[in-house]
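Colleague:
Numbering (this note's numbering), first residue to last: 1 to 485.
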């Protein structure tokens with residue numbers, strides 16, 4: 001490029017430029033770093049040509065694009081890096097207007113910002129050398145767009161009037177992409193949290209599904225033209241604007257591997273140009289996550305309904321022992337068969353506690369059957385307080401009780417057994433004679449062995465219970481696990 005053109009372009013980068021009250025732009029000619037000047041070839045007699053070479057070298061090496069525009073937004077200078085960043089050479093850029101380089105939305109923002117900065121200078125005292133930062137979307141020669149961050153400063157005449165703009169542009173396309181991805185992930189997480197919160201706050205399955213279809217569009221790239229529908233066991237929940245289109249994504253709602261329904265999303269309008277597919281992989285993952293969440297809701301609701309139905313049937317079949325409030329021995333054998341079948345099929349662990357009230361006959365004979373029944377009832381209450389939700393307790397017969405501990409090894413079961421032993425020991429019985437009495441229990445624990453006969457399993461637990469009695473009563477005896485237990 002001609003030397004005088006470089007002389008006009010480079011000073012804003014390397015020299016200070018006081019512009020108040022018509023002061024001239026002055027070069028900072030004085031340089032104390034004489035050694036540096038010699039190393040880079042600055043000699044007083046050849047200063048101008050050497051500086052042109054240096055400036056040209058620096059511009060060629062810079063990844064950022066340096067540019068100048070006149071007041072009408074026409075380029076006066078564009079550095080060589082524009083070719084790498086946007087595919088256009090500086091010569092091509094000089095034949096274009098800013099409105100040809102950027103998207104219409106960006107150009108409108110630039111014009112508005114230019115006007116607002118001018119208005120700001122008229123209404124308030126501002127730094128004339130301030131730097132304004134703007135993110136602008138440019139057209140690339142290959143057809144896509146590129147986002148550049150522009151740091152812009154005004155070029156002023158001797159009277160301080162703006163006669164052009166000087167700027168440095170940096171490619172931030174990848175940063176914008178990552179920021180957009182982060183916003184999308186936050187939006188998706190917000191949607192999932194919203195659905196989860198609504199699930200926890202309502203007992204109505206119908207309300208959960210209708211709320212979901214009404215909210216799900218918020219997690220999509222183009223929420224304004226999306227619609228949704230959930231179909232479950234023949235029941236349909238959909239947005240008011242639902243219409244099936246070819247821009248569709250769907251996933252199944254499953255419970256324990258069984259397909260019970262579908263969740264589908266459709267776009268009702270064309271997606272923006274350059275969009276390869278209406279739905280991103282992340283949006284597909286979001287749909288699957290929501291469908292999985294809904295499947296769990298259905299599964300939980302089914303479990304609740306099954307539990308209610310089971311409770312009704314249990315009462316009809318008189319599976320409860322009226323005195324202790326625990327299940328009876330008939331139901332014990334039914335449940336232990338199910339647990340044993342589960343272990344034989346899928347593996348796992350199962351422990352059995354068998355307990356008996358110590359010296360119960362003596363207590364019964366001394367204080368009477370009413371006090372004896374009270375002791376059995378109180379023991380039932382103690383057991384219910386001490387076991388976990390996954391455990392089940394039964395009155396096995398007379399003063400004997402059993403507790404099934406699914407997915408529990410013998411040593412883990414000892415903790416529950418000791419809890420029962422101590423709690424019952426601390427119970428105080430006041431007899432009809434006004435006397436206070438205490439009772440204890442002896443407990444035995446055995447672990448199920450694969451393919452073992454149920455009667456043998458119960459017999460082993462019974463053996464450990466009697467060992468506890470022989471060793472002084474008020475004790476827990478635990479089977480030493482064999483390999484695999």
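Think of the CB as a built atom: it goes at the ideal place given N, C-alpha and C, for glycine as much as any other residue.
(1) Less than 8 angstroms separating the beta-carbons of residue 106 and residue 136?
(2) Return the chain-ordered list of same chain residues with a C-beta closer than 6 angstroms to the C-beta of residue 78, the five sequence neighbours on each side being excluded.
(3) Quick check on residue 164: does DSSP put it in helix, strand or coil?
(4) For residue 307, count the other beta carbons within 10 Å of its own beta carbon; 16 or more makes it buried, fewer makes it exposed. Which is it?
(5) When the Cα of residue 287 is compared with those of 414, 161, 195 and 407, which residue comes out closest?
(6) Hey, how far is the Cα of residue 104 from the Cα of residue 152?
(7) Whole angstroms is fine: what's the gap from residue 376's alpha carbon to residue 361's?
(8) At a threshold of 7 angstroms, does residue 123 count as lining the ligand MN (C-beta to nearest heavy atom)?
(9) Okay, do the segment 346–354 and the segment 406–426 touch, 3+ Cβ pairs below 8 angstroms being the bar?
(10) Tell me the residue span of the alpha helix (DSSP H) that contains residue 216.
(11) Among the candidates 65, 181, 82 and 474, whose CA atom is the shortest distance from the CA of residue 423?
(12) In the DSSP output, which residue or residues are listed as bridge partners for residue 517?
(13) On the criterion of 16 or more Cβ atoms from any shown chain inside 10 Å, does residue 269 qualify as buried, or is it exposed?
(14) Based on DSSP bridge pairs, tell me the residues matched to residue 250.
(15) Given residue 399, which residues of its chain have a CB within under 7 angstroms of its CB, disregarding the five upstream and five downstream residues?
(16) Beta carbon of residue 266, beta carbon of residue 284: below 8 angstroms?
(17) What residues are listed by DSSP as bridge partners for residue 77?
(18) Considering residue 356, what are the terminal residues of the beta strand (DSSP E) in which it resides?
(19) What separation, rounded to the nearest whole angstrom, lies between the Cα atoms of residue 157 and residue 215?
(20) In chain order, which continuous runs of the beta strand (DSSP E) of length 3 or greater are located wholly inside the segment 377–453?
(21) Distance check for residue 144 and residue 160, CA to CA, integer angstroms please.
(22) Report the residue from 449, 427, 389 and 437 whose alpha carbon sits nearest the alpha carbon of residue 409.
(23) Got a sec, what are the start and stop residues for the beta strand (DSSP E) residue 237 sits in?
(24) Would you kindly check if the distance between the Cβ of residue 126 and the Cβ of residue 119 is under 8 angstroms?
(25) Please report how far the alpha carbon of residue 128 lies from the alpha carbon of residue 98, in whole angstroms.
(26) Would residue 29 be called buried (16 or more neighbouring beta carbons within 10 Å of its own) or exposed?
(27) Give the single residue among 339, 204 and 298 whose Cα lies nearest to the Cα of residue 405.
(28) Does the segment 342–351 come within contact of the segment 377–389, defined as at least 3 CB pairs closer than 8 angstroms?
(29) Using DSSP's beta-bridge definition, name the partner residues of residue 157.
(30) Taking residue 374 and residue 429 to be in contact with their CB atoms under 8 angstroms, please state how far apart those CB atoms are, rounded to whole angstroms.
(31) Distance, Cα to Cα, residue 3 vs residue 178?
(32) With respect to the alpha helix (DSSP H) encompassing residue 340, which residues constitute its N-terminal and C-terminal limits?
(33) In terms of residue numbering, what span does the beta strand (DSSP E) encompassing residue 478 cover?
(34) Out of 379, 456, 116 and 455, which has the shortest C-alpha to C-alpha gap to residue 443?
(35) Is it true that the CB of residue 260 sits closer than 8 angstroms to the CB of residue 254?
(36) For residue 479 and residue 325, what's the separation of their Cα atoms in angstroms?
Modeller: Let me lay it out:
(1) Residue numbering aside, residue 106 sits at position 106 when the chain shown is read from its first letter. Residue numbering aside, residue 136 sits at position 136 when the chain shown is read from its first letter. Yes, the pair counts as a contact, with Cβ atoms nearer than the cut-off.
(2) Position 78 of the chain shown, counting from 1, holds the residue named residue 78. So the list reads 67, 90 and 93, once near-sequence residues are dropped.
(3) In the chain shown, the residue the question calls residue 164 occupies position 164. Correct three-state label for residue 164: strand.
(4) On the chain shown, residue 307 is found 307 positions in, with the first residue counted as 1. By the 10 Å Cβ count, residue 307 comes out exposed.
(5) Residue mapping note: residue 287 aligns to position 287 of the chain shown, counting from 1. The option with the nearest alpha carbon to residue 287 is 195.
(6) Stepping through the chain shown from its first residue, residue 104 is reached at position 104. Stepping through the chain shown from its first residue, residue 152 is reached at position 152. Spanning the two alpha carbons is a distance of roughly 19 angstroms.
(7) Along the chain shown, one-based indexing puts residue 376 at 376. Along the chain shown, one-based indexing puts residue 361 at 361. Cα to Cα, residue 376 sits roughly 12 angstroms from residue 361.
(8) In the structure on display, the ligand MN does not appear, and there are no ligands present to speak of.
(9) yes
(10) If you number the chain shown from 1, residue 216 lands on position 216. Segment: none, residue 216 is in no alpha helix (DSSP H) and carries neither H nor E.
(11) As a working mapping, residue 423 is identified with position 423 in the chain shown. Taking only the C-alpha atoms, the option nearest residue 423 is 474.
(12) Because the chain here runs from 1 to 485, residue 517 falls outside it and cannot be looked at.
(13) One-based indexing of the chain shown puts residue 269 at position 269. Exposed, by the Cβ-count rule.
(14) Here residue 250 refers to the residue found at position 250 of the chain shown. In DSSP, residue 250 forms a bridge with 264.
(15) The residue labelled residue 399 in the question sits at position 399 within the chain shown. Only 356, 357, 360 and 376 meet the Cβ criterion.
(16) Here residue 266 corresponds to residue number 266 of the chain shown, with the count starting at 1. Here residue 284 corresponds to residue number 284 of the chain shown, with the count starting at 1. No, they are not a contact pair.
(17) Residue 77 sits at position 77 when you count from the first residue of the chain shown. Paired residues: 68.
(18) Along the chain shown, one-based indexing puts residue 356 at 356. Residue 356 -> beta strand (DSSP E) spans 350–357.
(19) For this step, residue 157 is matched to residue 157 along the chain shown. For this step, residue 215 is matched to residue 215 along the chain shown. About 56 angstroms.
(20) 392–397, 400–406 and 441–447
(21) One-based indexing of the chain shown puts residue 160 at position 160. One-based indexing of the chain shown puts residue 144 at position 144. For residue 160 and residue 144, the distance between alpha carbons rounds to 39 angstroms.
(22) Within the chain shown, numbered from 1, the residue matching residue 409 stands at position 409. The candidate whose alpha carbon is nearest that of residue 409 is 449.
(23) For the purposes of this step, residue 237 is identified with residue 237 of the chain shown, where counting begins at 1. Here the beta strand (DSSP E) through residue 237 covers 235–238.
(24) In the chain shown, counting from the first residue as 1, residue 119 sits at position 119. In the chain shown, counting from the first residue as 1, residue 126 sits at position 126. Not in contact: residue 119 and residue 126 (Cβ atoms no closer than 8 angstroms).
(25) Numbered from its first residue, the chain shown carries residue 128 at position 128. Numbered from its first residue, the chain shown carries residue 98 at position 98. Whole-angstrom Cα-Cα distance: 23 angstroms.
(26) Start at 1 with the first residue of the chain shown, and residue 29 comes out as number 29. The pLDDT assigned to residue 29 is 33, lower than 50, so where the model puts this residue is not dependable; a value taken from the coordinates is nonetheless given after this. That one is exposed.
(27) In the chain shown, residue 405 corresponds to position 405, counting from 1. Residue 339 is the option with its Cα nearest to residue 405.
(28) no
(29) Translated into positions along the chain shown, residue 157 becomes position 157. In DSSP, residue 157 forms no bridge with anything.
(30) Here residue 374 corresponds to residue number 374 of the chain shown, with the count starting at 1. Here residue 429 corresponds to residue number 429 of the chain shown, with the count starting at 1. That pair is a contact at about 7 angstroms.
(31) As a position in the chain shown, residue 3 is number 3, starting the count at 1. As a position in the chain shown, residue 178 is number 178, starting the count at 1. Residue confidence is low: residue 3 scores 36 on pLDDT, short of 50, so the model does not pin down where it sits. No coordinate-derived value is stated.
(32) Translated into the one-based positions of the chain shown, residue 340 becomes position 340. Taken as a continuous stretch (DSSP letters only), the alpha helix (DSSP H) holding residue 340 covers 329–346.
(33) As a first step, residue 478 is located in the chain shown; it is residue number 478 there, counting from the start. Where residue 478 is concerned, the enclosing beta strand (DSSP E) stretches over 476–478.
(34) Numbered from 1 along the chain shown, position 443 holds the residue referred to as residue 443. Selected option, being the one with the closest Cα: 379.
(35) What you label residue 254 is simply residue 254 of the chain shown in a count that begins at 1. What you label residue 260 is simply residue 260 of the chain shown in a count that begins at 1. Yes; because the gap between Cβ atoms is below 8 angstroms, this pair is in contact.
(36) Numbered from its first residue, the chain shown carries residue 479 at position 479. Numbered from its first residue, the chain shown carries residue 325 at position 325. Computed Cα separation, rounded: 28 angstroms.
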